[in-house]
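Report on one structure; see the data block that follows.
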Amino acid sequence: MNRLLAGKILLASFLLFFAATAPGWAANGEIEKGEELYRQGQTEDAYRLLMRAVFRDPENPANTAAFHTLARIFLDRDQPDRALAILSRIPEKNRRALTRILRGNALLRSGYVEEAFSQLQRLAPDELPAAEGLLYFETLAAGKERRGQTMEALFFYHQALVLAVHEHDRRRLLVPVSRIAQEIAGTPESGEARFMFQETVTGHVLNLREAEKLAQAGHNREALGLLQPVLESPVEFPYRPEAADLYRRITGTIWERRHTIGVLLPLSGQYAAYGKMVRRGMELALEPRNGDLQGGIRFLFRDTGADPERTVAAVKDLCQQEKVTALLGPLSGRAAEAGARQAQQEGVPLLALSPRQGLPEIGSWIFRTSLTGESQINRLLRYAVAEKGLNRFAILYPADNMGREFADLFARQAVTWGGRIVVSRSYPVSANDFRGPILQLLGNNPVSGRRAPFDALFIPDYGERVGLLASQLPYYDIEGVLLLGTHSWNSPELVTRGGKALEGAVFTDGFFADSPHPQVRNFVRSFRERHEESPSILDAQGYDAVALLLSLLADSRVRTRQDLQEGIRQVRDFPGITGNLSFRENGEGEKSLYLLRIREGAVEQID
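448 is the number that the working numbering gives to position 430 of the sequence shown; each next residue is one higher, with no gaps.
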């Protein structure tokens with residue numbers, strides 16, 4: 019009985035406590051939710067929730083935050099009188115710096131300029147959080163502008179811009195900055211302000227409005243002198259389209275940002291890892307070279323995934339809005355084709371990083387720098403036929419798209435080189451036992467001790483599977499035959515699984531991290547210092563693509579997209595990490611690929 023009584027007393031105490039505290043808990047939750055709704059731009063929902071919370075529990079200390087947000091809502095609605103009324107409900111002991119800032123803002127909008135300054139002068143701006151500091155400087159600037167103190171107003175608007183994180187805040191603050199810049203254009207104050215705020219977004223607005231004034235007076239050369247830094251600057255500037263339009267009206271030509279390159283890569287989705295490798299190489303190429311170019315160079319990366327539609331949209335934005343001089347990428351086949359077609363339509367040079375067949379044939383603006391199946395097979399056949407005198411070939415390939423594509427390319431190009439295909443067979447992608455396909459190579463009736471009816475065997479598969487397959491060849495007396503492969507052989511699993519059966523085998527690749535070439539060794543060392551791992555071929559290709567463009571843009575004669583297009587077309591033996599690069603007439607890149615051989619269980623470069 020005592021236990022039952024004690025339990026009832028405890029339960030009653032809990033219910034009394036909950037009844038007393040529940041309204042506060044509920045109100046606090048509503049206030050937090052209301053503030054979040056306001057941050058998300060759902061002003062009406064925030065207003066209703068916050069008003070309900072403060073009237074439900076008028077004595078709640080958390081109401082101060084609610085009153086602040088409600089005051090912001092009233093100020094957003096241009097109702098400063100209601101903002102003042104709601105702020106007056108905050109007890110003196112609960113008033114904060116933000117209370118005074120909001121009150122000063124509301125007083126200023128109501129026309130009480132001196133009273134507003136009285137509120138603001140009590141505050142120490144250096145001690146304010148960024149968001150409150152922004153509102154403080156914006157209010158102070160507006161007050162100075164009301165007083166006619168233009169230069170001081172401009173200074174405080176600039177201070178607010180420095181603290182602005184969100185784009186909507188920056189755009190709002192630039193409206194009065196632009197207004198002041200227009201008012202003082204053509205006066206000594208304009209020159210003073212442009213000097214004070216040079217290389218900032220405030221300075222760019224001042225330069226633009228001064229350039230407009232000069233152009234109206236017919237002083238086009240002076241106007242262009244102010245416009246050029248604005249257009250070339252890496253500083254984000256929402257009025258850049260206006261500046262570009264003024265440039266067009268003065269010169270009669272479309273402005274192109276000389277030192278901005280658009281990059282189209284899969285930075286999310288299933289190919290994100292590959293896109294990030296390419297980006298690492300690009301960023302490494304920028305480090306030592308960027309200072310060599312006047313004004314620097316800016317790369318705008320766009321995540322296109324492997325989506326053709328996203329790629330087309332990104333190309334349009336980069337070409338039409340950002341006015342890029344060139345594009346790099348994409349990687350995946352369908353996205354690369356879609357991007358190339360749009361770049362051709364826009365008339366912008368695109369350096370394709372995809373091996374997809376037919377990309378350069380899309381048009382005169384499309385070039386390719388990536389490793390292709392055709393270039394690999396040409397290098398293998400030159401070695402086998404021209405250097406080793408072999409002409410009888412067999413092909414053993416996986417029954418997938420890659421295998422079939424390489425087998426077909428090899429068969430066609432072997433004939434061009436004067437060789438012939440003795441036999442060509444496929445095997446299932448999931449195969450571990452290659453007895454059947456190997457016997458088919460030998461005519462299903464192998465004779466012990468008889469040499470295979472071919473001089474070389476081409477196997478276009480990945481290193482781990484090639485190693486497993488090669489280890490089974492000696493059992494069927496396939497020895498003394500040169501094994502040939504593509505860059506997909508370049509894996510530690512190749513030699514681990516293949517062992518001695520791969521001795522003397524040759525494959526090609528677009529990059530070899532252990533190359534003795536000084537340029538490659540310097541690249542590999544720099545990459546390892548930064549990333550603590552060895553670079554891949556994708557890292558190297560990204561590096562080379564940027565290095566090529568930087569070398570072309572360093573020429574002061576290259577100013578337009580057409581200049582760059584012609585410069586790319588004339589490239590001969592550019593010394594890249596992935597081999598010396600030249601371009602054919604159709605835009606296809608030709609590289610001196612690495613020829614690699616397996617010797618005593620290790621991979622070595624033989625050219």
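Where a beta carbon is used, it is the ideal one built from N, C-alpha and C, also for glycine.
Remember, it's a predicted structure, so these values are computed and weren't measured experimentally.
Residue environment for residue 434: exposed (fewer than 16 other C-beta atoms within 10 angstroms of its C-beta). Around the CB of residue 156, 16 or more other CB atoms lie within 10 Å, so the residue is classed as buried.
The beta carbon of residue 410 sits closer than 6 Å to those of 440, 472 and 473, all from its chain and outside the five residues before and after it, given in chain order. Around the beta-carbon of residue 162, 16 or more other beta-carbon atoms lie within 10 Å, marking it buried.
Boundaries of the alpha helix (DSSP H) around residue 424: 419-434. Pairing residue 175 with residue 147 gives a Cβ-Cβ distance that is not under 7 Å.
Straight-line measurement puts the Cα of residue 326 at about 31 Å from the Cα of residue 598.
Contact check for residue 300 against residue 556 fails: the beta carbons are separated by 7 Å or more. Using a Cβ distance threshold of 7 Å, residue 286 and residue 347 do not count as a contacting pair. The C-alpha of residue 159 lies about 27 Å from the C-alpha of residue 249. According to the DSSP assignment, residue 192 belongs to the alpha helix (DSSP H) that extends over 185-202. Within 10 angstroms of the beta-carbon of residue 519 lie 16 or more other beta-carbons, which makes it buried.
As a beta-bridge residue in DSSP terms, residue 617 pairs with 620. DSSP, read as helix, strand or coil, puts residue 369 in strand. The Cβ atoms of residue 333 and residue 579 lie no closer than 7 Å to each other. In chain order, 118 place their CB closer than 8 Å to the CB of residue 140, counting only its own chain and leaving out the 5 sequence neighbours on each side. DSSP places residue 440 in the strand class (E or B) of the three-state scheme.
For residue 452, the closest alpha carbon among the candidates 488, 107 and 438 is that of 488.
CA-CA distance, residue 154 to residue 264, rounds to 35 Å. In this structure, residue 399 keeps its C-beta atom at 7 Å or more from the C-beta atom of residue 375.
In the three-state reduction of the DSSP assignment, residue 477 falls in the coil class, being assigned neither a helical nor a strand state. As computed with DSSP, residue 109 is found in no beta bridge at all. Contact fails between the stretch 390-399 and the stretch 447-461, because fewer than three Cβ pairs, one in each stretch, are under 8 Å apart. Out of 227, 206, 231 and 247, the CA that lies nearest to the CA of residue 216 is found in 247. Distance check between residue 381 and each of 72, 145 and 605 places 605 closest, using alpha-carbon atoms only.
Here residue 60 is exposed, its C-beta having fewer than 16 other C-beta atoms within 10 Å. Contact annotation: residue 480 and residue 530 have beta-carbon atoms that are not nearer than 7 Å.
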